[in-house]
Amino acid sequence: MSRTYYNTGVDERWAREEQYHASFLLDKHDHDEALDFCLKNSDEHGLPHIAVSGMEGKYIQLQARAIGAKRILELGTLGGYSTIWLARALPADGELVTCEYSPMHAEVAGQNIEHAGLSSKVKIVVGPAAESLAKMDPAHKFDFVFMDADKAGYPVYLEYCKTLVRKGGVIIVDNVVRQGRVSDLSVTDDTDSSGVRRMLEDLKSSPDFEATTVQTVGARSWDGFTFVLRL
Ligand code: SAH
Ligand code: DHB
Ligand code: MG
Numbered sequence: 001m002s003r004t005y006y007n008t009g010v011d012e013r014w015a016r017e018e019q020y021h022a023s024f025l026l027d028k029h030d031h032d033e034a035l036d037f038c039l040k041n042s043d044e045h046g047l048p049h050i051a052v053s054g055m056e057g058k059y060i061q062l063q064a065r066a067i068g069a070k071r072i073l074e075l076g077t078l079g080g081y082s083t084i085w086l087a088r089a090l091p092a093d094g095e096l097v098t099c100e101y102s103p104m105h106a107e108v109a110g111q112n113i114e115h116a117g118l119s120s121k122v123k124i125v126v127g128p129a130a131e132s133l134a135k136m137d138p139a140h141k142f143d144f145v146f147m148d149a150d151k152a153g154y155p156v157y158l159e160y161c162k163t164l165v166r167k168g169g170v171i172i173v174d175n176v177v178r179q180g181r182v183s184d185l186s187v188t189d190d191t192d193s194s195g196v197r198r199m200l201e202d203l204k205s206s207p208d209f210e211a212t213t214v215q216t217v218g219a220r221s222w223d224g225f226t227f228v229l230r231l
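With the first letter of the sequence shown counted as 1, position 206 gets the number 206 in full-length UniProt numbering; the numbers rise by one all the way through.
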């Protein structure tokens, strides 16, 4: 069933506001040739336009920097745009592991990360994220996670974060509002929204996490991030 208030697109004021703030806050240190190349090369290889925006990339980067993250995990690499933002939060001896299902996406991401000079810090793991997570060593904890792969998998990924993320670590989850579909329980045919709902239930009952959601509007329409603290 189609609902008219979903996928209503981007209000011109939201995009304008994001652009206005970006004109002050994204300076030459952020907006550079490597990020431009990443988007252009991804587009030329037919990847969908679903990366975080520049302002959102900087938001997750600053969250990672703020906690001094040295080991970062990303679920859902696509062309590596968010990966580049996050890898730049790392100190010289830091590392980022990013999990991607599609070998084609991983190939393009590898090119983009190489072009950005970040290959030595970034490891792309190809395959379903749940399988990759199952093989990781819980002794080797992550400080920061950006969760952005298939949303139906979010409850499973959150469960792995109990063992793989250090106490005091942070998990930021993308696309948790989905233009209002998540809270509209009459939407039963969207496995992504169902995944987010189950994740919220798990967060409610888990003694291991404290979390909040911040809704967003902007160049990417109406969505939101859940910020999760590993207790
Ligand atoms: N984080 C990226 C966007 C990721 S889009 C950015 O902001 O730049 C979501 C990605 O998750 C896609 O590349 C898709 O192929 C990948 N994906 C989908 N299902 C997956 C799974 N089960 N395991 C790992 N990656 C998956
Ligand atoms: C989609 C995935 C994302 O991670 C995102 O930020 C936006 C859209 C998608 O699969 O359509
Ligand atoms: Mg996303």
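Think of the CB as a built atom: it goes at the ideal place given N, C-alpha and C, for glycine as much as any other residue.
- Under the 10 Å beta carbon count, glutamine 215 is surrounded by fewer than 16 other beta carbons and is classified as exposed.
- In the DSSP assignment, glutamate 95 is bridged to Arg71.
- Contact between lysine 123 and valine 145 fails: their C-beta atoms lie close to 15 Å from each other, not under 8 Å.
- DSSP places valine 176 outside both helix and strand once states are collapsed to three, so it counts as coil.
- If you compare the alpha carbons of Pro103, Ala51, Glu107, Gly68 with that of serine 82, the shortest gap goes to Ala51.
- Secondary structure at threonine 212: strand, using DSSP grouped into helix, strand and coil.
- For the ligand DHB, a non-hydrogen atom lies closer than 7 Å to the CB of aspartate 174.
- For aspartate 148, the distance from the CB to the nearest heavy atom of the ligand MG is below 7 Å.
- Here phenylalanine 142 is near isoleucine 72, since their CB atoms are less than 8 Å apart.
- Ranking Leu39, Gly80, His45, Leu90 by CA distance to the CA of glutamine 63 puts Leu90 first.
- For proline 48, the closest C-alpha among the options Val108, Met147, Arg88, Gln179 is that of Val108.
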